[in-house]
Structure formats: C-alpha cells, structure tokens
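**Q** Below you'll find the structure I mean.
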Amino acid sequence: MNGQEFIVTLNPKEINFMPDNEIVEVLQNVYTILSTAQYSAPLFREFGTSATYLDEPHAVARMKHTKEVIEIVERYEPRVFVVEVIYYSDEKDGKIYPAVKVRLRG
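Start counting the sequence shown at 12; every next residue gets the next number (the working numbering).
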C-alpha cells in the first residue's frame with residue numbers, strides 16, 4: 012500500500028459500507044472529507060470543508076481551498092498525504108472543480 016498515488020474527484024459516489032480493501036476505504040474517506048460541508052455533521056461541526064472563500068476571485072479561492080484541503084485531509088485521514096490539488100474549471104458556469112491527488116502512507 013505504501014507510496015501508491017490516487018486522484019479523488021468530487022463526482023457523486025455511493026457509500027460502500029463494506030469496502031473490499033483498505034485502499035478503497037481510505038479513498039472513500041478522502042471523498043467524504045472533501046464532500047462534507049463544515050457544520051453539516053451533527054456533533055462534529057468542524058469536520059469537512061468551509062465555504063468562506065466561495066465568493067472570492069478564482070485565484071484567491073484556489074489558494075485558500077488548497078491550504079484547507081491539505082490540512083483537513085491529513086488531519087482526518089492520516090493514512091494519506093496530499094500530493095497535489097488540481098482544479099478544473101467550466102467557463103460556461105464560472106465554477107472551479109477540485110480533484111485531489113493523494114499518496115498512501117506505509
């Protein structure tokens with residue numbers, strides 16, 4: 012498991028309550044961290060990503076979001092570290108979509 016890299020996107024996924032292996036479990040955990048809005052989880056309000064940068068210019072939002080993603084993923088899923096946060100944009104709707112490249116720890 013050590014050293015393998017994976018890209019986690021925010022495309023909607025079904026929750027697998029019985030993952031086949033630890034890699035599937037870890038990647039699902041990263042997806043859950045990234046797709047959960049702060050204050051939306053009862054009794055665990057600080058879990059997830061904030062939206063404080065939502066109306067910032069794209070460059071500022073990317074910097075703030077990248078910092079936050081690295082911090083929260085490595086805090087809540089210690090079996091990975093973030094290698095890179097990649098952004099895709101849609102010119103039509105003006106939105107940016109993140110994908111996170113993670114490397115499994117040993």
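Cβ coordinates follow ideal geometry from the N, Cα and C atoms, glycine included.
Secondary structure at T77, three-state DSSP: helix, strand or coil?
**A** Three-state result, T77: helix.
**Q** Looking at I44 and Y87, is the spacing between their C-beta atoms short of 8 Å?
**A** Yes.
**Q** Take the Cβ of G117 as the centre, count every other Cβ of all protein chains shown within 10 Å, and call the residue buried at 16 or more, exposed below.
**A** The residue is exposed, with fewer than 16 neighbouring Cβ atoms inside 10 Å.
**Q** Kindly indicate which three-state DSSP category L54 falls into: helix, strand or coil?
**A** Looking at L54 - three-state DSSP - the assignment turns out to be coil, as it is neither helix nor strand.
**Q** Taking 8 Å as the cut-off, decide whether the C-beta atoms of Y108 and L21 are in contact.
**A** It is a contact, given that the beta carbons lie within the stated cut-off.
**Q** With distances taken Cα to Cα, identify the nearest neighbour of T60 among P68, L54, A70 and Q49.
**A** Among P68, L54, A70 and Q49, the Cα nearest to that of T60 is on Q49.
**Q** How is the beta strand (DSSP E) around T43 delimited, first residue to last?
**A** Element bounds for T43: not the beta strand (DSSP E) but the alpha helix (DSSP H), E33 to S46.
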